[in-house]
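Novice: This is the structure I have questions about; it appears just below.
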Amino acid sequence: EAGVAQSPRYKIIEKRQSVAFWCNPISGHATLYWYQQILGQGPKLLIQFQNNGVVDDSQLPKDRFSAERLKGVDSTLKIQPAKLEDSAVYLCASSLGRGFGEQYFGPGTRLTVT
Amino acid sequence: GENVEQHPSTLSVQEGDSAVIKCTYSDSASNYFPWYKQELGKRPQLIIDIRSNVGEKKDQRIAVTLNKTAKHFSLHITETQPEDSAVYFCAASQPRDMRFGAGTRLTVKP
Numbered sequence: 012e013a014g015v016a017q018s019p020r021y022k023i024i025e026k027r028q029s030v031a032f033w034c035n036p037i038s039g040h041a042t043l044y045w046y047q048q049i050l051g052q053g054p055k056l057l058i059q060f061q062n063n064g065v066v067d068d069s070q071l072p073k074d075r076f077s078a079e080r081l082k083g084v085d086s087t088l089k090i091q092p093a094k095l096e097d098s099a100v101y102l103c104a105s106s107l108g109r110g111f112g113e114q115y116f117g118p119g120t121r122l123t124v125t
Numbered sequence: 099g100e101n102v103e104q105h106p107s108t109l110s111v112q113e114g115d116s117a118v119i120k121c122t123y124s125d126s127a128s129n130y131f132p133w134y135k136q137e138l139g140k141r142p143q144l145i146i147d148i149r150s151n152v153g154e155k156k157d158q159r160i161a162v163t164l165n166k167t168a169k170h171f172s173l174h175i176t177e178t179q180p181e182d183s184a185v186y187f188c189a190a191s192q193p194r195d196m197r198f199g200a201g202t203r204l205t206v207k208p
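Protein sequence lines, in the order shown, are assigned to chains A and B.
Going from the first sequence to the numbering used here is simple: count from 1 and add 11.
Going from the second sequence to the numbering used here is simple: count from 1 and add 98.
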């Protein structure tokens, strides 16, 4: 089966610019997650979707981050405007059912904000 | 919210020895505890998981134990091999939230 796809793989932007990341989960997976992984730390959950509805976004900095999952399939995560501390790898993951079960991670997008 | 602490942050063992990584969590509502292995520059890969109604689970050289009363769980790797070298993350989750530990960098020396 095809894995979780993410693009772009790398992105370098200047602070105050905008950036968007795209994720396509494994076919049939209802739940989609976005994580932020800062170098040397564990992944931090930003937002969880169940189909096209938001289950939890309590750790999403909503003043600058937004995410959507139209039609309950692929998803985009946007940062506007970016700050230096947003430099991280943004990981998308998906799982088959509701709640947390075996998650499959995508390759991630490495964002560098200069 | 949930808080997960992981120890040690680095661990070096000789090939063939055992390695143990420990995590504690704070929220008694957490009911799913996965462990992920992440090699340098790669995505996290699930290696084993345990649910709160089970005390221990084994898969070949890997085992996880869970003590719900004490709110801690551990990863045990036996007969370590150089290819086990990676960063290992524990996590604790409820249906709406998952929190990861800070990671343990395991080095297996040949």
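Note that the Cβ used here is the ideal one computed from N, Cα and C, for glycine as well.
#1: Pull up the CB-CB distance for Y123(B) and D147(B), whole angstroms please, since I reckon it's below 8 Å.
#2: I'd like to know whether the C-beta of R194(B) is nearer than 9 Å to at least one C-beta of chain A.
#3: Starting from the beta carbon of L107(A), find every residue of chain E whose beta carbon is closer than 9 Å, and list them in chain order.
#4: Work out the CA separation of G64(A) and E25(A) for me, nearest whole Å.
#5: Rounded C-beta distance between A31(A) and K89(A)? I'm assuming under 8 Å.
#6: Would S126(B) be called buried (16 or more neighbouring beta carbons within 10 Å of its own) or exposed?
#7: I'd like the span of the beta strand (DSSP E) that includes E154(B), first residue to last.
#8: Check the Cβ-Cβ distances between E79(A) and every residue of chain B, and say whether any is below 9 Å.
#9: Would you mind working out which of K207(B), G199(B), P208(B), T205(B) sits nearest I49(A), comparing C-alpha positions?
#10: According to a CB-to-CB cut-off of less than 9 Å, which residues of the stretch 55-70 of chain A neighbour chain B?
#11: Tell me the DSSP secondary structure of E25(A) in three-state form.
#12: What did DSSP end up calling G39(A) once you bin it into helix, strand or coil?
#13: Can the beta-carbon of I37(A) be found closer than 9 Å to that of Y115(A)?
#14: By DSSP, does E79(A) sit in helix, in strand, or in coil?
#15: Once DSSP output is grouped into helix, strand and coil, what is the label at L107(A)?
#16: Name the DSSP bridge partner or partners of G64(A)?
#17: Return no unless some Cβ of chain A is closer than 9 Å to the Cβ of Y123(B).
Specialist: According to the structure data:
#1: Position 25 of the second sequence, counted from the first residue, corresponds to residue 123(B). Position 49 of the second sequence, counted from the first residue, corresponds to residue 147(B). About 14 Å; that fails the 8 Å criterion.
#2: Within the second sequence, residue 194(B) is the residue found at index 96, counting from 1. It does; some Cβ of chain A falls within 9 Å.
#3: This model lacks chain E altogether, as its protein chains are A and B.
#4: Within the first sequence, the letter at position 14 stands for residue 25(A). Within the first sequence, the letter at position 53 stands for residue 64(A). E25(A) and G64(A): Cα-Cα distance of roughly 32 Å.
#5: What you label residue 31(A) is simply residue 20 of the first sequence in a count that begins at 1. What you label residue 89(A) is simply residue 78 of the first sequence in a count that begins at 1. A31(A) to K89(A), Cβ: 5 Å. Contact.
#6: For the purposes of this step, residue 126(B) is taken as the residue at position 28 of the second sequence. Under this definition S126(B) is an exposed residue.
#7: Here residue 154(B) is taken as the residue at index 56 of the second sequence, counted from 1. Taken as a continuous stretch (DSSP letters only), the beta strand (DSSP E) holding E154(B) covers 154-157.
#8: Counting from 1 along the first sequence, the entry for residue 79(A) is found at position 68. Not one chain B Cβ lies under 9 Å of E79(A).
#9: Translated into positions along the first sequence, residue 49(A) becomes position 38. Minimum Cα distance to I49(A) is reached at G199(B).
#10: K55, L56, Q59, V66, D67, S69, Q70
#11: Residue 25(A) sits at position 14 when you count from the first residue of the first sequence. DSSP places E25(A) in coil when its eight states are reduced to three.
#12: Here residue 39(A) is taken as the residue at index 28 of the first sequence, counted from 1. The answer is coil: DSSP assigns G39(A) none of H, G, I, E or B.
#13: Within the first sequence, numbered from 1, the residue matching residue 37(A) stands at position 26. Within the first sequence, numbered from 1, the residue matching residue 115(A) stands at position 104. It is a contact, given that the beta carbons lie within the stated cut-off.
#14: On the first sequence, position 68 is the one that residue 79(A) refers to. Three-state DSSP puts E79(A) in a strand.
#15: Looking up residue 107(A) in the first sequence gives position 96. Note: L107(A) maps to coil in three-state DSSP.
#16: Translated into positions along the first sequence, residue 64(A) becomes position 53. Partner(s): Q61(A).
#17: Counting from 1 along the second sequence, the entry for residue 123(B) is found at position 25. No - not a single Cβ of chain A is within 9 Å of the one on Y123(B).
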